[in-house]
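This note's numbering numbers the first residue of the sequence shown as 2 and each following residue consecutively.
Everything on this sheet refers to the single structure shown next.
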Amino acid sequence: MTTTPSPKAPPKLPLATISRRVDVTHDLWKIWLRPEVPFKFKPGQYCTIGVDGLERAYSIVSSPYEPEVELFIELVPPPDGNLTPILHRMGTGERVSMRPRAKGIFLMQDQYVNHLMLSTVTGVVPYVSILRSYLHDNRRGHRFFVLQGASYHDELTYDKELGEMARNHPGFITYVPTVSRPKEERNQGWTGEGGRVNTLLEKYVAKLGLKPIDTLIYACGHPGMIEDVKVRGAALGFEVQEERFWKDDE
2 MTTTPSPKAP PKLPLATISR RVDVTHDLWK IWLRPEVPFK FKPGQYCTIG VDGLERAYSI
62 VSSPYEPEVE LFIELVPPPD GNLTPILHRM GTGERVSMRP RAKGIFLMQD QYVNHLMLST
122 VTGVVPYVSI LRSYLHDNRR GHRFFVLQGA SYHDELTYDK ELGEMARNHP GFITYVPTVS
182 RPKEERNQGW TGEGGRVNTL LEKYVAKLGL KPIDTLIYAC GHPGMIEDVK VRGAALGFEV
242 QEERFWKDDE
């Protein structure tokens, strides 16, 4: 009598420890992960983390030169959200699974001189990674124009860092934050741009003198924003590279 061998259990995934956490708003927070195995990635890529077998992908804020992996996460409540409510309850010292390979092709395209980068809230993450890495490597020869949109100014999160980059490198980094609800009390005192970030595309293409021959438009975040940017960009003759963040995927 022969017996059928029992199926082998899948190999356990490596773990990463939450070494630090910073809450930005009631539904936005940053965490830093310390992987237990070496983890390599390119600026603009994402990692896949999980709890009890439930996994999701998150773009990486940090540059490859930083010792820990920084993530910026938005809470998506049930029933749409599955993993983020669990992550929202986790603190320093707790661990998540972390697949050992980074993925994603939302990378800086070096053949273009100008990089017009539009995002909504957490969609700014790959741009921060790209710029941190670019400055770390002391590179030159490209120009970056980061347009970040949010409903409220306290959701921008990396505005101070990006603003400082722009002040320190005015020749090749420009940062423009915008809020879509400038008249609401939560945005009291806001003096920057108003309106959805996608509606600013034509204004800044003209203001910055950008041309399709040497400019790539990047769009990362809400799919509605991305689709509108693709339409607006195509009408002006630009190529658009996209990366979608969507709540149903959380």
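Heads up, the beta-carbon is just placed ideally off N, CA and C, and yes, glycines get one too.
Treat the numbers as computed from the prediction; the structure is a model and nothing was measured.
Point to revise | Residue closest to Asp28, alpha-carbon to alpha-carbon, out of Ile87, Ile19, Met226 | key: Considering only alpha carbons, the answer is Ile87.
Check your understanding: Tell me, which residues are paired with Asn115 by DSSP?
Key -> Arg144, Thr216.
Exercise for review: Starting from Lys31, trace the beta strand (DSSP E) both ways and give me its first and last residue.
Suggested key: It spans 29 to 36 - the beta strand (DSSP E) in which Lys31 sits, taken as one unbroken run.
Review point. Of the choices Asn188, Lys41, Glu244, whose alpha-carbon is the least far from that of Glu67?
Key: Among Asn188, Lys41, Glu244, the Cα nearest to that of Glu67 belongs to Lys41.
Review point. Quick one: what's got a C-beta closer than 6 Å to Thr121's C-beta in the same chain, skipping five residues either side?
Key: Contacts found: Gly150, Gly222, His223, Met226.
**Study point:** Through-space distance from Ala58 to Thr192, alpha-carbon basis
**Key:** Separation of Thr192 and Ala58 (C-alpha to C-alpha, rounded to the nearest whole angstrom) is 35 Å.
Exercise for review: For Ala235, I'd like the list of residues in its chain whose CB is within less than 8 Å of its CB, leaving aside the five on either flank, ordered along the chain.
Suggested key: The beta carbon of Ala235 is closer than 8 Å to those of Val241 in its chain, skipping five residues each way along the sequence.
Check your understanding: Exposed or buried, Glu75, counting other C-beta atoms within 10 Å across all chains shown (16 or more means buried)?
Key -> In the assembly as shown, Glu75 is a buried residue. Its beta-carbon has 16 or more other beta-carbons within 10 Å.
Review point. Helix, strand or coil for Met99 per DSSP?
Key: For Met99, the three-state secondary structure derived from DSSP is strand.
Practice item. Would you mind reading off the limits of the alpha helix (DSSP H) that contains Tyr135? Key: Judged by DSSP secondary structure, Tyr135 falls within the alpha helix (DSSP H) whose first and last residues are 126 to 137.
Review point. With burial defined as no fewer than 16 other Cβ atoms inside 10 Å of the residue's Cβ, what is the status of Gln46: buried or exposed?
Key: So Gln46 ends up on the buried side.
Exercise for review: Return the residue from the list Arg168, Pro80, Ser60, Lys104 that minimises the CA-CA distance to Tyr128.
Suggested key: Residue Ser60 holds the alpha-carbon nearest to the alpha-carbon of Tyr128 among Arg168, Pro80, Ser60, Lys104.
Exercise for review: Enumerate in chain order the residues of its own chain whose CB-to-CB distance from Val109 is below 6 Å, with the five nearest sequence positions on each side excluded.
Suggested key: Sequence inspection shows Met at residue 109; the Val mentioned does not correspond to that position. The answer, listed in chain order, is Ile131.
Review point. Quick one: is Pro44 buried, meaning 16 or more other Cβ sit within 10 Å of its Cβ, or exposed?
Key: Burial call: buried.
Point to revise | Which of helix, strand or coil DSSP assigns to Tyr159 | key: Looking at Tyr159 - three-state DSSP - the assignment turns out to be coil, as it is neither helix nor strand.
Practice item. Would you grab the beta carbon distance between Leu34 and Leu84 for me? Rounded to a whole angstrom, and I think it's under 8 Å. Key: With 8 Å as the limit, Leu34 and Leu84 do not qualify as a contact, their Cβ atoms being about 14 Å apart.
**Study point:** Proximity below 8 Å, CB of Asn115 to CB of Asp215
**Key:** Going by beta carbons, Asn115 and Asp215 fall inside the 8 Å limit.
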